[in-house]
Structure formats: structure tokens, C-alpha cells
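Everything on this sheet refers to the single structure shown next.
Protein chains: 2
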Amino acid sequence: MTSLTELQSVTDPVTPAETCLEGSDKGRKCDQVLAGARRVFMEKGYEGASVDEIAKAAGVSKATLYNHFTDKRFLFIEVMKAECDRQSEGIKDIINPNAPLEEALLGAAMRFVTFKTSTLGQEIFRICVAESMRFPDIGRSFYDSGPGVITACMVNFLEERCQKGELDIDDCEMAASQFGALCKASLFDKRTFGVIGLPSAADIAITAEEAVRTFLARYGVPKGA
Amino acid sequence: MTSLTELQSVTDPVTPAETCLEGSDKGRKCDQVLAGARRVFMEKGYEGASVDEIAKAAGVSKATLYNHFTDKRFLFIEVMKAECDRQSEGIKDIINPNAPLEEALLGAAMRFVTFKTSTLGQEIFRICVAESMRFPDIGRSFYDSGPGVITACMVNFLEERCQKGELDIDDCEMAASQFGALCKASLFDKRTFGVIGLPSAADIAITAEEAVRTFLARYGVPKGA
DNA sequence: TTTAATTTGAACCGAACGGTTTAGTTTGTC
DNA sequence: GACAAACTAAACCGTTCGGTTCAAATTAAA
């Protein structure tokens with residue numbers, strides 16, 4: 002069984018990446034700016050965030066901020082790139098390819114539900130949805146580093162288990178996508194729209210279990226190996 | 002089988018509601034304002050939209066706008082309330098309770114996938130996700146008028162069919178939510194994050210069929226009545 | 001035609017916006 | 001201790017923001 006404590010890595014606090022204006026500055030103040038920008042952008046959105054507020058949140062003068070980043074748009078894009086990288090790093094190991102089928106699926110489901118309903122997961126999702134019209138590249142980056150990574154990992158895993166005869170799937174892309182979708186049942190929408198807060202471990206477990214059950218009802222092989 | 006043409010009603014163009022400052026004005030200019038505000042808010046978001054731009058889009062002077070609505074926040078809330086009402090109106094009849102089981106489910110899935118990936122469905126979803134932190138009530142309203150309505154209708158339908166012995170479901174709330182989630186597989190995320198544009202009727206049909214198949218694999222009764 | 005109610009464009013307000021500049025201070029290195 | 005780099009607060013730029021005001025124009029009923 003998958004313990005909940007090990008899931009924490011996916012929803013850890015934030016320490017921004019090393020991206021700066023001219024490739025890999027010493028980056029002390031630079032990271033401060035990214036951290037402050039991240040905080041303000043996530044809370045207020047792109048238009049709602051002012052550069053003055055970001056500088057203040059970063060504990061940095063506005064002049065310094067503009068020494069590191071050409072303008073507000075660029076700063077926002079850098080923040081989101083770093084955030085997407087973090088996301089894909091935390092998500093790529095979401096499935097244990099060596100575990101028994103049901104255990105592997107349940108573990109992945111637990112981690113996925115946990116992340117998607119976490120404050121961090123919600124923040125990233127919210128701002129990417131909000132700004133992916135104004136910044137189309139950010140939408141793509143989010144998909145590639147989030148749903149895309151998960152789907153790719155799942156497809157890989159599912160194909161292996163199909164060859165082992167543990168699963169019976171025609172379209173592994175569709176199956177992987179359905180697995181991810183099932184993990185969003187019950188909790189995700191309610192969390193996103195403020196109907197519930199952070200779900201309890203029990204609620205997460207139930208949602209994950211039900212997702213796996215429905216998934217296996219469709220794609221699992223009847224009984225014997 | 003459900004034809005695609007009858008689905009149009011859910012994704013029709015917009016004619017705003019009759020809400021105004023002091024209960025049901027003659028509402029000619031008032032509707033103009035709401036229509037213009039809707040357009041600009043949907044495209045730019047709350048902070049990105051300026052009142053001058055809204056007035057211009059509405060073909061109305063800023064003074065007139067402020068004669069009808071106390072301030073920008075109130076105008077935004079009114080627009081979103083009207084939009085949520087439209088949504089719940091278009092969505093409440095999404096399932097035909099008298100059709101044979103599989104046909105009813107497939108019809109509902111088709112309509113749901115079509116709406117959720119439509120330009121209108123995406124616009125409403127995007128802005129509600131974006132602004133439901135700044136305006137918590139809007140998040141709730143969206144949930145109640147969208148996912149909430151669908152879930153409620155589905156729960157109702159599923160319970161009926163369980164009593165008829167056509168389905169075998171423990172938790173109808175969970176099952177209804179999973180049905181909705183399955184309809185978002187494959188297309189919804191890609192559409193939201195700009196990986197694809199408007200999906201083809203064929204893609205919608207495939208997604209809906211696969212959703213129903215997985216749903217029935219879990220909750221359908223084996224074979225005979 | 002008189003009267004009252006709306007609507008209009010335009011000017012206007014103080015505040016905040018993104019972004020720049022400057023003069024001066026801290027910092028790390030040799 | 002000297003020196004260059006990085007940083008700072010603060011003033012400043014022009015623009016735009018949400019919101020108000022007002023005289024003139026338009027409308028609609030009487």
C-alpha cells in the first residue's frame with residue numbers, strides 16, 4: 002500500500018529555479034525576484050499583479066528587478082516556465098513501474114489526486130487556465146509538463162502491462178487519459194470552485210480507489226493471469 | 002442515436018439576461034452594457050478589462066454605464082450570474098430520462114463533451130477558474146449551475162435505472178461524478194490549454210463512446226435484463 | 001409644444017500602472 | 001584599502017485606471 006507521507010514531495014513549498022536574464026547569474030537576488038513574483042502572480046494573476054508589489058514581496062528594489070528581467074511579461078513567463086519544470090519533475094515518478102498492477106495504479110491515483118487538489122496544484126492549474134489565452138505558450142508548457150507527462154508515463158506503463166497480459170487495452174492513450182480524468186472525479190471541481198477546501202486523506206483515498214476500480218472494470222483482465 | 006445538430010442549443014450565441022440596477026429597467030441600454038461587458042470580460046478577464054473598453058464595446062457612454070451599474074465589480078458579478086443562469090438552463094436537459102440506458106448515456110455524453118469543448122463552455126470555465134479566488138461566490142455559482150446541475154441530473158437518472166435493475170451502483174454521487182470526469186478525457190485538457198482547437202464531431206463521438214463504455218464496464222449489469 | 005427623463009461626449013479627478021533614471025550605499029575581491 | 005559590481009530608495013516619466021461631473025443633445029410621453 003502507498004503511504005501518504007511519501008506523497009509530500011509533490012506538494013512541497015517552492016524554491017524557484019535558476020533562470021535569469023543572462024544565463025545562470027549568481028542568482029541570489031534573481032531567485033528572490035522569481036520567488037516574490039511567483040507568490041504575487043499566483044495570488045493575483047498577471048494583470049492583477051503590480052511590479053511594485055512584486056518587488057516589495059521579493060524584498061528587492063524595482064531597479065534591481067528590472068536589471069534582471071526585461072519587463073513584466075518576461076518575468077511572468079520565466080516564473081511559469083520554472084513552475085512547469087517543477088511540476089514535471091514532481092510528477093514524472095508518480096507511478097511505480099515495478100509494483101503489482103493494482104498497487105501501482107492505486108499509488109499513482111493517490112499521488113495524482115493529492116497533487117491536483119493540493120494548494121500548489123490548484124495554484125498552477127488556475128493561473129495556467131487563466132492566462133493561456135494571453136500567453137498561449139504557457140498553456141502548452143503546462144499541458145506538456147503536467148497532463149502530457151502523466152499521460153506519457155501512464156501510456157508507457159499500460160503498454161507494458163498489456164504485453165504481460167495484465168491489462169486489455171485497445172487505445173492506451175485514451176485509457177491513460179481516462180485514468181487521469183477518473184482521478185479528478187468527486188473532488189477536483191469542488192476544490193477548484195471553492196465548494197470544498199483541502200480534502201482529507203480519507204476522501205482522497207476513496208476517490209483514488211474508486212478511480213482504480215472503474216478503470217480496472219473496463220481494462221482489467223477477468224480473473225486468472 | 003443522438004444527432005449533433007440538436008446539440009447546438011447548448012452552445013448558442015449570447016443574449017444577456019434582464020438584470021439591472023433597479024429591478025428590471027426597460028433594459029435596452031442595460032442589456033447593451035451587459036453584452037459588451039460579457040464580451041470584454043470573457044476575453045480579457047476581470048483585471049484585464051477596462052471600463053472604457055467595455056463602454057466602447059457596448060456602444061454606450063461611460064456615464065450611462067455607471068448610471069446602470071454601481072461599479073466594475075458589480076457589473077462583473079451581474080455578467081457572471083447571467084452566464085451561470087444560461088449555463089444551467091442549457092445543461093439541465095442534457096439527459097433524456099426516457100431513452101434506453103445506453104442511448105441516454107451516450108446522448109448525455111455527446112452533449113456534455115460538445116459543450117465543455119465549445120468556445121462558450123471554455124470561456125465560462127476559464128473565467129470562473131481565473132476569478133473564483135477574487136470572487137468566491139462566482140466559483141460557487143459556476144459549480145452549482147454547471148457540474149452541480151449535471152451531477153444532480155445524473156444522480157437522479159442513475160438511481161432510477163438502478164431501481165429498474167439496469168445499473169448496479171453503490172454510490173450514485175461518485176458514479177455521476179465519474180461519468181462527468183470520463184467525458185473530459187482526451188479532449189478537454191488539450192482544448193483548455195490550446196493543444197487543440199475545436200474538436201471534430203468524430204473526436205467528440207469517440208470520446209463520448211469510450212466514456213460510456215468505461216462507465217458501463219463498471220456500473221452496467223452483466224448481460225440479461 | 002412643453003416637460004421630464006436618458007444619453008451623450010468630453011473633460012476631469014486622484015491614484016496606480018509599467019518602466020526609467022539617478023545618486024548614493026552596500027558588497028565581495030584582490 | 002581600493003575598486004568594480006550589485007544593490008538601494010526615491011523621484012520621476014507618460015499613460016491608464018476606475019469613477020465623477022456637466023452642459024448639450026436626444027428621446028418619449030403629455
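Top line first, the protein sequences correspond to chains G and W.
Here the first sequence is numbered in the working numbering, starting from 2 and rising by one per residue.
Here the second sequence is numbered in the working numbering, starting from 2 and rising by one per residue.
Even for Gly, the Cβ is constructed at its ideal location relative to N, Cα and C.
Nearest-angstrom Cα separation, counted from residue 136 (chain W) out to residue 25 (chain W): Note on residue 25 (chain W): pLDDT 38, under 50, position unreliable in the model; the coordinate value appears next. Each residue's alpha carbon lies about 24 angstroms from the other.
Validate contact between the region 177-193 of chain G and the region 112-122 of chain G using beta carbons, cut 8 angstroms, 3 pairs: yes
Entirely enclosed alpha helix (DSSP H) segments - the region 152-195 of chain W, minimum 4 residues: 173-184 and 189-193
Beta-carbon proximity check, residue 96 (chain W) vs residue 154 (chain W), cutoff 8 angstroms: yes
Test: residue 183 (chain G) CB closer than 8 angstroms to a CB of chain W: yes
Buried/exposed call for residue 180 (chain W), threshold 16 Cβ in 10 Å: buried
Length of the line joining the Cα atoms of residue 222 (chain W) and residue 69 (chain W): 57 angstroms
Exposure label - residue 133 (chain G); buried when at least 16 CB within 10 Å: Buried is the call here.
Cβ contact (3+ pairs, closer than 8 angstroms) linking the region 53-69 of chain W and the region 139-148 of chain W: Contact fails: fewer than three Cβ-Cβ distances are below 8 angstroms.
Residue 129 (chain G) to residue 103 (chain G) span [Cα, whole Å]: 32 angstroms
Cutoff 8 angstroms: residue 127 (chain W) Cβ touching any chain G Cβ: yes
Residue 281 (chain W) versus residue 149 (chain G) - alpha carbon distance: Here chain W covers residues 2 to 226 and nothing more, so residue 281 (chain W) does not appear.
Distance between beta carbons of residue 42 (chain W) and residue 77 (chain W), contact taken as under 8 angstroms: 6 angstroms
Interface flag, residue 215 (chain G) vs chain W, CB-CB below 8 angstroms: It does; some Cβ of chain W falls within 8 angstroms.
Entirely enclosed alpha helix (DSSP H) segments - the region 31-108 of chain G, minimum 4 residues: Counting only runs of 4 or more, we get 52-59, 63-69 and 73-92.
Partners in chain G for residue 79 (chain W), counting only beta-carbon separations shorter than 9 angstroms: None at all; the shortest Cβ gap to chain G is about 19 angstroms.
Paired residues, beta bridge with residue 221 (chain W) - DSSP: W:168
Contact list for the region 67-100 of chain W against chain G, Cβ threshold 8 angstroms: none
Closest Cα partner of residue 169 (chain W) within the set W:105, W:73, W:57 and W:217: W:217
Amino acids of chain W, ordered along the chain, whose beta-carbon sits closer than 7 angstroms to that of residue 190 (chain G): 144 and 148
Residue 29 (chain W) at chain G interface by Cβ criterion, 8 angstroms: no
Beta-carbon proximity of residue 178 (chain G) to residue 86 (chain G), cut-off 8 angstroms: no
Under the three-state DSSP convention, the category residue 214 (chain G) falls into: The answer is helix: DSSP assigns residue 214 (chain G) an H, G or I state.
Proximal residues to residue 205 (chain G) (C-beta, below 6 angstroms), its chain only, five neighbours per side dropped: Excluding sequence neighbours, residue 205 (chain G) sits near 114 and 115.
Cβ of residue 137 (chain G) within 8 angstroms of any chain W Cβ: yes
Range covered by the alpha helix (DSSP H) that runs through residue 199 (chain G): Per DSSP, residue 199 (chain G) belongs to no alpha helix (DSSP H) and is neither H nor E.
Within 8 angstroms, strictly: CB atoms of residue 209 (chain W) and residue 110 (chain W): Yes, the pair counts as a contact, with Cβ atoms nearer than the cut-off.
N-terminal and C-terminal residue of the alpha helix (DSSP H) that residue 127 (chain W) is part of: 120-132
Assigned exposure category for residue 198 (chain W) - 16 Cβ within 10 Å defines buried: exposed
Opening and closing residue of the alpha helix (DSSP H) in which residue 136 (chain G) lies: DSSP places residue 136 (chain G) outside any alpha helix (DSSP H), giving it a letter other than H or E.
For residue 195 (chain W) and residue 56 (chain W), the rounded distance between their alpha carbons: 30 angstroms
Sequence-distant residues of the same chain with beta carbon closer than 8 angstroms to residue 33 (chain W), five excluded per side: 59, 60 and 61
Three-way DSSP call (helix, strand, coil) for residue 149 (chain G) in this model: helix
Beta-carbon spacing of residue 214 (chain G), residue 219 (chain W) below 8 angstroms: yes
Other residues of its chain near residue 106 (chain W): CB distance less than 6 angstroms, five sequence neighbours each side excluded: 213
Separation of residue 83 (chain G) from residue 162 (chain W), as counted between CA atoms: 49 angstroms
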